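In terms of my numbering, the numbers along the sequence shown are unbroken and rise by one, the last being 768. Ideal placement from N, C-alpha and C gives every residue a C-beta, glycine not left out. From a predicted model like this one, the values you see are computed outputs, not experimental measurements.
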Amino acid sequence: MTEFALDLNDDQKQVRDWLHGFARDVIRPAAAEWDEREETPWPVIQEAAKVGIYSLDFYAQQFFDPTGLGIPMAVEELFWGDAGIALSIVGTGLAAVGVLANGTEEQIGTWIPQMYGDADDVKVAAFCSSEPDAGSDVGAMRTRAVYDEARDEWVLNGTKTWATNGGIANVHVVVAVVDPGLGTKGHASFIVPPHTPGLSQGQKFRKHGIRASHTAEVVLEDVRVPGSCLLGGRERLDERLARARERARAGGERTKNAAMATFEASRPAVGAMAVGTARAAYDYALEYAKERRQFGRPIIDNQGVAFQLADMRTGIDAARLLVWRASWMAVSGKPFTAAEGSMSKLFASEVARKVTAQAVQILGGNGFTREYPVERMHRDAAIYTIFEGTSEIQRLVIARTLSGLPIR
């Protein structure tokens, strides 16, 4: 087991500096344009692919970093550049995590490369879990997967919503109900290969923030996928469902479902996204406060501004520590006995909302205009307390873990 450390090693520092340079030189200059266009920034994704950032190899290197800090370090730097563009670059990772968390070795080797494509023909992937009536309440999921034994195919029907890259993805990972009687324990994840008939894009959402990231509904109408597209395979699913039925009869403890396994693995990474956005707003506000003069002196000379910046930096560093701890625990196989993953996501998300609002305040009227980037950062930060489990859901998870009670 790797010992926990608060300092990046030389290799990690080199990667961090490389990513920071890409975020500074490529992402930031394009941020305002793609925010206004509200379109997927394919040219930026392709640039990331050309230099090796948007690739399976780079993602795997960071994911399997024995310290656990590869992914949060990389994510923080990219989101320091711009949240919308960065989410377009890393959004495929959520689908990849879904396959890594639930798939067989053959499925991992087959489908994850197809999620990324290559530098000459970049692709993206989508993880589809939320539904119009089933967001935080995953037990209300209605998308069904029915097995056609004669053809060894699964037939999927339903509508997914809030899917990053939904409809434009080369590969979709879809969570569906296979046994309605088991509630959330009766869910499974499926690969929908490219160009599968019956899958279409529904409404594309016009969002408050992260507007360079494509978010849409995914409609599934008699979508047929081979039996081999069930993540984990039929045998593993049957064993899991049998255990769940036995526990249900005995009134035993819950088991995790496929979607929750993916979210648990990704929550510290969302916390790192929030840290990156918060840090970007803080950096800009700090420099602005040093240069902006009022009443004959820089505004940072005023305690009202200086103390805000002190609180901003303190919150950012504390959030990063929680993210790093959770990431290290995950890679070290330590159980989240106090819901440390949810803690990191909750705290970092709330810090990002607060810090970006303070940055707007420090810039005053300038901060309220699109001529300065903190306005965009403030809009972008709003998503962190909402997606992949709202702050309220994170608090519920933490409270249930701490108390051992089914708190509602």
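Whole angstroms are fine: how far does the CA of residue j sit from the CA of residue i?
| i | j | result |
| --- | --- | --- |
| Val506 | Gly518 | 12 Å |
| Val691 | Leu460 | 13 Å |
| Glu581 | Gly558 | 5 Å |
| Leu723 | Leu601 | 56 Å |
| Leu542 | Asn462 | 19 Å |
| Ala634 | Gln754 | 15 Å |
| Arg388 | Leu516 | 40 Å |
| Thr716 | Ala608 | 46 Å |
| Ala759 | Ala678 | 21 Å |
| Lys694 | Trp688 | 8 Å |
| Gly772 | Arg596 | The displayed coordinates of the chain run from 361 to 768. Any statement about residue 772 would go beyond what the structure contains. |
| Ala486 | Leu646 | 37 Å |
| Ser415 | Lys520 | 26 Å |
| Phe364 | Thr427 | 7 Å |
| Gln467 | Gly453 | 15 Å |
Within 10 angstroms of the Cβ of residue i, are there 16 or more other Cβ atoms? Answer buried if so, exposed if not.
| i | result |
| --- | --- |
| Ser560 | exposed |
| Ala686 | buried |
| Lys483 | buried |
| His532 | buried |
| Ala699 | buried |
| Leu765 | exposed |
| Gly527 | buried |
| Ala446 | buried |
| Gly636 | buried |
| Gln451 | According to the sequence shown, residue 451 is Gly rather than Gln. Gly451 should be labelled buried. |
| Asn369 | exposed |
| Gly701 | buried |
| Ala510 | exposed |
| Leu366 | exposed |
| Ala408 | buried |
Since residue i and residue j are thought to touch, with beta carbons under 8 Å apart, how far apart are those beta carbons, to the nearest angstrom?
| i | j | result |
| --- | --- | --- |
| Thr524 | Ser573 | 6 Å |
| Ala641 | Met501 | That belief does not hold up - the Cβ atoms of Ala641 and Met501 are roughly 36 Å apart, past 8 Å. |
| Gly499 | Thr556 | Gly499 to Thr556, Cβ: 27 Å. No contact. |
| Leu379 | Ile431 | With 8 Å as the limit, Leu379 and Ile431 do not qualify as a contact, their Cβ atoms being about 12 Å apart. |
| Ala455 | Gln406 | Actually they do not touch by this definition, with Cβ atoms about 19 Å apart. |
| Trp440 | Ala391 | Between Ala391 and Trp440 the Cβ distance is about 11 Å, and since that is not below 8 Å, they are no contact. |
| Val720 | Glu735 | 7 Å |
Where does residue i sit, in a helix, a strand or coil, going by DSSP?
| i | result |
| --- | --- |
| Gly593 | coil |
| Asn462 | helix |
| Glu513 | strand |
| Arg657 | strand |
| His547 | strand |
| Pro432 | helix |
| Arg571 | coil |
| Tyr414 | coil |
| Glu748 | coil |
| Gly495 | coil |
| Val375 | helix |
| Leu559 | strand |
| Tyr732 | coil |
| Gly693 | coil |
| Thr357 | Outside the modelled stretch of the chain, which goes from 361 to 768, sits residue 357, for which no answer is possible. |
| Lys774 | Because the chain here runs from 361 to 768, residue 774 falls outside it and cannot be looked at. |
| Leu765 | coil |
| Ala686 | helix |
Tell me whether residue i counts as near the ligand ZN, meaning its Cβ is closer than 6 Å to at least one heavy atom of that ligand.
| i | result |
| --- | --- |
| Thr729 | As for the ligand ZN, it is missing from this structure, which has no ligand bound. |
Quiz item: Should the stretch 549 to 565 be called in touch with the stretch 587 to 598, which here means at least 3 C-beta pairs below 8 Å?
Solution: yes
Self-check item: Validate contact between the stretch 395 to 406 and the stretch 647 to 665 using beta carbons, cut 8 Å, 3 pairs
Solution: no
Quiz item: Given 8 Å as the limit, is there contact between the stretch 733 to 752 and the stretch 671 to 685, that is, 3 or more CB pairs closer than that?
Solution: no
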